[in-house]
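Protein chains in written order, with the working numbering: chain D, 1013 to 1375; chain R, 1013 to 1375.
Every residue, glycine too, gets a C-beta built ideally from N, C-alpha and C.
None of these values were measured; they are calculated from a predicted model.
Working notes for the structure below.
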């Protein structure tokens, strides 16, 4: 293998793929990145056996070949080099990396040992606008579970319902759902949230469409010159739509920034009560008040003006409430609930494609 | 105690003092901040028994008094409040903190139990320009030792020598010395580096002179409305000046940024050899090259153009070399050394008031 690439391209490709390479795995080669020529391009790939990412860049190839090299060292090294031409020259398993000023030898492992993600055969392919996918991921991914004992809840469900494509997550304490608009494909995919966090990073500020190809086992996302493939999670996702309340005994509409501020301040006094805060809405005064359950440190009460229908109170986890408020991006938020033991819905009337549910705490 | 302060002032004062309050200490009151009226001012104080910081702010006091309250909660809380008037109202040990929108109660501990740093009696007082002190601290504090088994090396020595005031540190691996200019006081103070890190934070961008008052036990720094007092370290500081080489067999002068870059890149390949890099200077070619000692991962060689007198090579810890290069702030650096086992001196001909020594590794 012998070729020339620019530092800018090589650095960009290493940034895309290197994070997936992990030294935590027992297989040492998984902390390496596969560097491989194909025609007049160079591909860089990394995998943790569940997720694989490949980034293609232009290169001036004078000798074909492939090698795997330590991902972290290679990324740190290339990102420290000045912009300009980098020569890669492989001698057995030693990759010589040279520029005008630097001469390095990086010890590699032969590419034959590198695990390759199985290809998707006979998959269906469709497209989603990149900016829409990015926004949707930002609004739902964080509400997926980290608890590996219930694998389906660690997924983001991407599914068609009544002609629309939806993306949703729930960790059983809160729930987020985004309507991605009309879609003719009939799909139900349970995609690991961790893979979609990597996809979010790769999407960057792309305005290109993202090509999605899937079969029963895997899904492939193609964004420009980058490909991310991940295994799907098996199992049946809970019927989460049953948890989204449709009508409300109490509803308050107020500035989102106001509710964020009073919740943040109240949460400081709720550290010893696992973040528990009680929200009280009063129709007569048009007031929303938030109270931290008294603790050793002290207590807090804060008020915000709201447009109110019906009075009532509910106790929530302030962190989940803040996460939901941050996922909404409009100027106002509508906060609706029924009894003390029923879920609360956060919505923005101006952006009805996103719904966020927070389950109550027993007050 | 009953008073009004602005959120801006209270927040500023809490930011100055709260960091010294620590919950690690076995004495619970040390995680509190003392809030105390004095005439028409409010003082906020925190201490860890070694260092004490007090910040005075203006207040509209209608009832004198004092209380201690949890520093972290109080700081987080006040910094989250909107700008404007805050009312403080003490009822027994409960401090009511109210604004238009927020009503809080913070549970305190009576002020009588708060440890007070002893006052400095019959101390000498002198002044240092704030900007000069700040620059000096930035250039020397980091080279003090963290090793509590040799307490004197955890100090910054501030001492007079031949009519100049000097500040110096050494952890026995490297050494930094700053000339603060002519000074008529005859002092030798061993000040804990940790206290001077707090002072650095307090100095901010002040252009005011800093008043220094000391006796045999303590030193007090006064910067605007803030006072920092710290215990001095007892013992005899080593005669560090003997370690600073005066003449050189090999000397290279080059762009500081060039030496920083090649050292950074080389250090990536030196991770398995505890950061060891070898610098070779060649008079004939006017070249400085830096080589990472070969390791499992690979090896690196990098070059920079320099103005050279004498040839030679030396092995250094790349982290210490980078620390020294970052403490110099000029465009060029002069790198001088003698034998392989003798100290290296980093200087900037345009700023001769700062000298940085790095001890060699056995190559």
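Can you give the Cα-Cα distance for residue i and residue j, rounded to whole angstroms?
i, j, result
"residue 1374(R)", "residue 1259(R)", "21 Å"
"residue 1016(R)", "residue 1082(R)", "20 Å"
"residue 1311(R)", "residue 1018(D)", "21 Å"
"residue 1073(D)", "residue 1097(D)", "13 Å"
"residue 1107(R)", "residue 1013(R)", "9 Å"
"residue 1029(R)", "residue 1288(D)", "29 Å"
"residue 1193(D)", "residue 1257(D)", "21 Å"
"residue 1176(R)", "residue 1191(R)", "7 Å"
"residue 1221(R)", "residue 1330(R)", "36 Å"
"residue 1337(D)", "residue 1219(D)", "26 Å"
"residue 1307(R)", "residue 1279(R)", "12 Å"
"residue 1384(D)", "residue 1211(D)", "One cannot answer for residue 1384(D) here, as it falls past the ends of chain D, which runs 1013 to 1375."
"residue 1071(R)", "residue 1292(D)", "34 Å"
"residue 1372(D)", "residue 1136(D)", "40 Å"
"residue 1224(R)", "residue 1327(D)", "53 Å"
"residue 1060(R)", "residue 1118(R)", "22 Å"
"residue 1127(R)", "residue 1139(R)", "28 Å"
"residue 1294(D)", "residue 1323(D)", "5 Å"
"residue 1302(D)", "residue 1335(R)", "49 Å"
"residue 1121(R)", "residue 1158(R)", "33 Å"
"residue 1166(D)", "residue 1249(D)", "10 Å"
"residue 1296(R)", "residue 1277(R)", "25 Å"
"residue 1141(D)", "residue 1233(D)", "12 Å"
"residue 1272(R)", "residue 1350(R)", "21 Å"
"residue 1213(R)", "residue 1042(D)", "43 Å"
"residue 1230(D)", "residue 1370(D)", "31 Å"
"residue 1286(R)", "residue 1252(R)", "25 Å"
"residue 1361(R)", "residue 1321(R)", "15 Å"
"residue 1184(R)", "residue 1244(R)", "20 Å"
"residue 958(R)", "residue 1089(D)", "Any answer about residue 958(R) is impossible in this case: the structure gives chain R only from 1013 up to 1375."
"residue 1304(D)", "residue 1246(D)", "41 Å"
If residue i and residue j are in contact, beta carbons under 8 Å, what's the gap, nearest whole angstrom?
i, j, result
"residue 1208(R)", "residue 1153(R)", "5 Å"
"residue 1342(R)", "residue 1283(R)", "About 29 Å separates the two Cβ atoms, so there is no contact after all."
"residue 1067(D)", "residue 1237(D)", "6 Å"
"residue 1333(R)", "residue 1318(R)", "The Cβ separation is near 15 Å, so there is no contact."
"residue 1155(D)", "residue 1181(D)", "4 Å"
"residue 1290(D)", "residue 1325(D)", "6 Å"
"residue 1087(R)", "residue 1027(R)", "7 Å"
"residue 1202(R)", "residue 1146(R)", "Not really, about 20 Å apart at Cβ, beyond 8 Å."
Looking at chain D, is there any beta carbon in it that lies within less than 7 Å of the beta carbon of residue i?
i, result
"residue 1298(R)", "no"
"residue 1088(R)", "yes"
"residue 1119(R)", "yes"
"residue 1289(R)", "no"
"residue 1357(R)", "no"
"residue 1205(R)", "no"
"residue 1083(R)", "no"
"residue 1139(R)", "no"
"residue 1310(R)", "yes"
"residue 1099(R)", "no"
"residue 1282(R)", "no"
Can you find a C-beta in chain R that's less than 7 Å from the C-beta of residue i?
i, result
"residue 1163(D)", "no"
"residue 1276(D)", "yes"
"residue 1330(D)", "no"
"residue 1092(D)", "yes"
"residue 1264(D)", "no"
"residue 1096(D)", "no"
"residue 1116(D)", "yes"
"residue 1315(D)", "yes"
"residue 1113(D)", "yes"
**Asked** Which residue spans inside the stretch 1209-1282 of chain D form an unbroken alpha helix (DSSP H) run of at least 4?
**Response** 1268-1280
**Message:** For the pair the stretch 1096-1113 of chain R and the stretch 1127-1135 of chain R, tell me if three or more CB-CB distances fall below 8 Å.
**Reply:** no
**Request:** Would you mind listing the beta strand (DSSP E) stretches within the stretch 1026-1063 of chain R that are 3+ residues and don't spill past its ends, in chain order?
**Result:** 1044-1050, 1053-1059
**Message:** Under 8 Å: do the stretch 1340-1357 of chain R and the stretch 1264-1272 of chain R share three or more Cβ pairs, one atom per stretch?
**Reply:** yes
**Message:** Count Cβ pairs between the stretch 1164-1181 of chain D and the stretch 1194-1208 of chain D that sit closer than 8 Å; are there 3 or more?
**Reply:** yes
**Request:** Assess, as a yes-or-no matter, whether the stretch 1021-1029 of chain D is touched by the stretch 1048-1067 of chain D under the definition of 3 or more beta carbon pairs within less than 8 Å.
**Result:** yes
**Prompt:** What are the start and end residues of each continuous alpha helix (DSSP H) run of 4 or more residues lying completely inside the stretch 1111-1166 of chain D, in chain order?
**Reply:** 1142-1152
**Prompt:** Enumerated in chain order, which unbroken segments of the beta strand (DSSP E) with a length of 3 residues or greater are wholly contained in the stretch 1296-1366 of chain R?
**Reply:** 1299-1304, 1310-1317, 1319-1321, 1324-1329, 1344-1349, 1356-1359
**Prompt:** Does the count of Cβ pairs from the stretch 1027-1047 of chain R and the stretch 1354-1363 of chain D closer than 8 Å reach three?
**Reply:** no
**Prompt:** What are the start and end residues of each continuous alpha helix (DSSP H) run of 4 or more residues lying completely inside the stretch 1172-1207 of chain D, in chain order?
**Reply:** none
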